[in-house]
Amino acid sequence: MQQYEWDFGSVLTYWPMLLQGLWGTVAISTLAILLGIVGGGLVAAMRMSRYRSLRILGTAYVEFYRNTPGIVHFFWVYYAPPVVANVNLGPLEAAVIALATQSSAFYAEVLRGGIQSIGNGQWEGATALGMSSKDALRRIIVPQAARRMVAPFVERSFEIIKTSSLASTLAYGELLYQGMQIASITYRPLETYTLLALIYFLLLYLLSSLAKFAEDRLQEV
Amino acid sequence: MNDTTPTDAPILRCEGLRKSFGNLEVLKGIDLDVKRGDRIAIIGGSGSGKSTFLRCLNFMEQPTGGKVILDGERIGTPRTGRDGSETVTYRERDLMSVRKRVGMVFQQFNLFPHMSTIENVMEGLVTVLRQSKSAARTRAAEQLDRVGLGDKLDVYPSRLSGGQQQRVAIARALAMDPEVLLFDEPTSSLDPELVGEVLRTILALAEDGRTMLLVTHELGFAYRFATHVIYLYDGVVHETGTAEQVFRNPQKEKTRAFIARSSEFSL
Chain V
0 MQQYEWDFGS VLTYWPMLLQ GLWGTVAIST LAILLGIVGG GLVAAMRMSR YRSLRILGTA
60 YVEFYRNTPG IVHFFWVYYA PPVVANVNLG PLEAAVIALA TQSSAFYAEV LRGGIQSIGN
120 GQWEGATALG MSSKDALRRI IVPQAARRMV APFVERSFEI IKTSSLASTL AYGELLYQGM
180 QIASITYRPL ETYTLLALIY FLLLYLLSSL AKFAEDRLQE V
Chain A
0 MNDTTPTDAP ILRCEGLRKS FGNLEVLKGI DLDVKRGDRI AIIGGSGSGK STFLRCLNFM
60 EQPTGGKVIL DGERIGTPRT GRDGSETVTY RERDLMSVRK RVGMVFQQFN LFPHMSTIEN
120 VMEGLVTVLR QSKSAARTRA AEQLDRVGLG DKLDVYPSRL SGGQQQRVAI ARALAMDPEV
180 LLFDEPTSSL DPELVGEVLR TILALAEDGR TMLLVTHELG FAYRFATHVI YLYDGVVHET
240 GTAEQVFRNP QKEKTRAFIA RSSEFSL
């Protein structure tokens with residue numbers, strides 16, 4: 000068997016491209032997470048609505064995203080609007096929309112799970128004092144649910160950051176796409192993807208340390 | 000007809016109260032008048048509907064039929080359907096104002112675990128009654144002092160015994176100064192040696208003339224506590240009277256049997 004000669008040096012000379020890719024990943028992930036939280040709140044509210052039609056709509060939304068592959072969403076958002084509505088989206092917009100709509104479904108489940116994990120006794124304790132259900136939610140339920148939601152929220156956010164690599168299929172310059180470019184220039188795919196994995200790892204490890212810190216702070220109370 | 004002076008008029012009244020869960024009819028038409036200062040013990044076997052009945056009075060459960068009248072005012076908006084049957088809609092606003100006036104103490108306390116003892120008691124004062132934090136804090140401290148927990152103001156519920164937690168819950172309900180106070184089996188989830196402190200707290204309220212309804216299995220306590228006793232059987236009032244009448248001289252066979260069964264092993 001021939002000895003493989005590892006050569007990270009030639010890949011690393013393209014570090015500005017990797018840095019740009021890292022920025023791209025952080026940018027779409029951040030946007031998708033922020034929009035996803037808002038969308039997730041809406042979908043969770045629908046799923047817990049007293050109106051049956053809204054509940055069905057919310058459930059359908061979640062089930063759709065849960066049971067279809069992410070890459071399909073990226074393709075649809077990018078290629079369907081020009082055909083269907085004569086609207087052209089750039090790779091950034093398409094990627095953010097695809098990722099945000101998907102994360103809305105997942106965050107909705109995190110929110111719903113957290114809120115529904117708080118026993119009915121807490122609702123009763125609050126409303127028996129004469130609180131509106133809005134106040135009960137704000138003062139009693141959400142503060143308790145928030146602590147339980149941190150861990151699944153972080154878990155979901157990591158999934159979103161990793162899923163953002165699908166944006167490479169739309170030729171959006173995030174980490175994976177940049178890596179693919181470098182690999183084809185240098186003919187060093189093994190080194191390139193190893194490096195990519197390392198960058199993802201460091202990014203997520205840094206974030207999980209921050210999340211752990213936040214979680215500890217929340218549990219202290 | 001008798002003239003009724005305002006003090007004689009019932010503060011809380013229900014007429015033909017019904018409640019079903021699906022096909023299961025739990026309450027089959029209950030009438031009750033509660034006058035100011037009354038202390039009513041509701042007793043009955045498990046499944047008799049006693050807790051459900053109490054929970055209908057502050058709308059933790061929504062009745063499926065009949066009327067609840069608080070201080071002369073009917074709760075909810077009745078509508079008569081084409082077939083002459085009446086459906087009542089209860090708006091959140093209406094229920095909120097009932098619950099401000101009719102407090103409740105639960106079997107499982109339902110304290111807010113993310114708040115200290117005093118914050119638990121302040122919560123209704125600040126969020127519902129819109130009191131300032133400082134006024135609420137003063138009042139909450141008074142109420143906690145009254146139930147003997149003046150030294151536990153900044154402790155979290157998880158650090159308290161069951162009996163102490165229930166006394167916080169009583170202070171929380173009392174702080175709102177409700178016109179009627181409901182107790183739903185307040186000692187049923189307590190270890191036997193913690194029951195006494197809670198019952199003594201409730202008896203002390205009786206001395207203040209507070210209007211109270213209590214669902215309990217502690218018949219000995221019910222006897223000392225109550226001005227009136229209601230024995231529920233199968234979703235209806237089977238027997239009612241003063242504590243003396245119902246406990247010492249029950250008229251109905253089922254009441255007699257229930258009391259005998261319930262006190263079989265008392266010391």
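Taken in order, these protein sequences are the chains called V and A. So the first sequence is residues 0 to 220, counted in numbering that gives the first Met the number 0. So the second sequence is residues 0 to 266, counted in numbering that gives the first Met the number 0. Where is the CB? At the ideal position from N, CA and C, for every residue including glycine. Please read these numbers as outputs of a predicted model, since none were measured by experiment.
Beta-carbon proximity of A94/V to I114/V, cut-off 8 Å: For the purposes of this step, residue 94/V is identified with residue 95 of the first sequence, where counting begins at 1. For the purposes of this step, residue 114/V is identified with residue 115 of the first sequence, where counting begins at 1. Their beta carbons are not under 8 Å apart, which means A94/V does not touch I114/V by this criterion.
Nearest-angstrom beta carbon gap, Q177/V and G20/V [assumed within contact, 8 Å]: Here residue 20/V corresponds to residue number 21 of the first sequence, with the count starting at 1. Here residue 177/V corresponds to residue number 178 of the first sequence, with the count starting at 1. G20/V to Q177/V, Cβ: 3 Å. Contact.
DSSP three-state assignment for L217/V, whether helix, strand or coil: Residue 217/V sits at position 218 when you count from the first residue of the first sequence. In this structure, L217/V counts as helix in the three-state DSSP scheme.
Residue range of the unbroken alpha helix (DSSP H) whose run includes I42/A: Walking along the second sequence from the start, residue 42/A turns up at place 43. Per DSSP, I42/A belongs to no alpha helix (DSSP H); it is in the beta strand (DSSP E), R38 to I42.
For E24/A and V236/A, the rounded distance between their alpha carbons: As a position in the second sequence, residue 236/A is number 237, starting the count at 1. As a position in the second sequence, residue 24/A is number 25, starting the count at 1. So the alpha carbons of these two residues sit roughly 14 Å apart.
Residue-level contact to chain V via CB, T126/A, 8 Å cutoff: To locate residue 126/A, count along the second sequence from 1; it is residue 127. Yes, its Cβ sits closer than 8 Å to a Cβ of chain V.
Of the residues S265/A, N248/A, Y232/A and P77/A, the one placed nearest G43/A, counting alpha carbons only: Position 44 of the second sequence, counted from the first residue, corresponds to residue 43/A. For the residues S265/A, N248/A, Y232/A and P77/A, the minimum Cα distance to G43/A belongs to Y232/A.
A210/V Cβ short of 7 Å to the ligand ADP heavy atom set: For the structure depicted, the ligand ADP is absent and the ligand set is empty, with no information on it obtainable.
Selected residue, minimal CA-CA separation from T210/A, among L16/A, A172/A, R255/A and F111/A: Here the question's residue 210/A lines up with position 211 in the second sequence. Ranking the options by Cα distance to T210/A, first place goes to A172/A.
Three-way DSSP call (helix, strand, coil) for L26/A in this model: Here residue 26/A refers to the residue found at position 27 of the second sequence. DSSP places L26/A in strand when its eight states are reduced to three.
Chain A within 8 Å of D215/V, Cβ atoms only: If you number the first sequence from 1, residue 215/V lands on position 216. Cβ-Cβ to chain A under 8 Å: no for D215/V.
Where the alpha helix (DSSP H) through H113/A begins and ends: Mapped onto the second sequence, residue 113/A falls at position 114. Looking at the DSSP string, H113/A is not in any alpha helix (DSSP H), and its letter there is neither H nor E.
Residue-level contact to chain A via CB, L128/V, 8 Å cutoff: The residue given as residue 128/V occupies position 129 in the first sequence. L128/V counts as touching chain A.
Contacts of S116/V in chain A (Cβ-Cβ under 8 Å): Here the question's residue 116/V lines up with position 117 in the first sequence. None at all; the shortest Cβ gap to chain A is about 13 Å.
is_contact[L110/A, chain V] using C-beta, thresh 8 Å: By one-based count along the second sequence, residue 110/A stands at place 111. Yes, L110/A counts as interfacial toward chain V.
At least three beta-carbon pairs within less than 8 Å, the stretch 21-29 of chain V to the stretch 153-165 of chain V: yes
Residue burial classification, A221/A (beta-carbon count within 10 angstroms, cutoff 16): Mapped onto the second sequence, residue 221/A falls at position 222. So A221/A counts as buried.
Chain V contact for A134/A (CB, 8 Å cutoff): To locate residue 134/A, count along the second sequence from 1; it is residue 135. So, not an interface residue.
Within-8 Å CB hit, K151/A to chain V: Here residue 151/A refers to the residue found at position 152 of the second sequence. Not an interface residue.
In chain order, each beta strand (DSSP E) run of at least 3 residues that lies wholly inside the stretch 159-195 of chain A: 179-183
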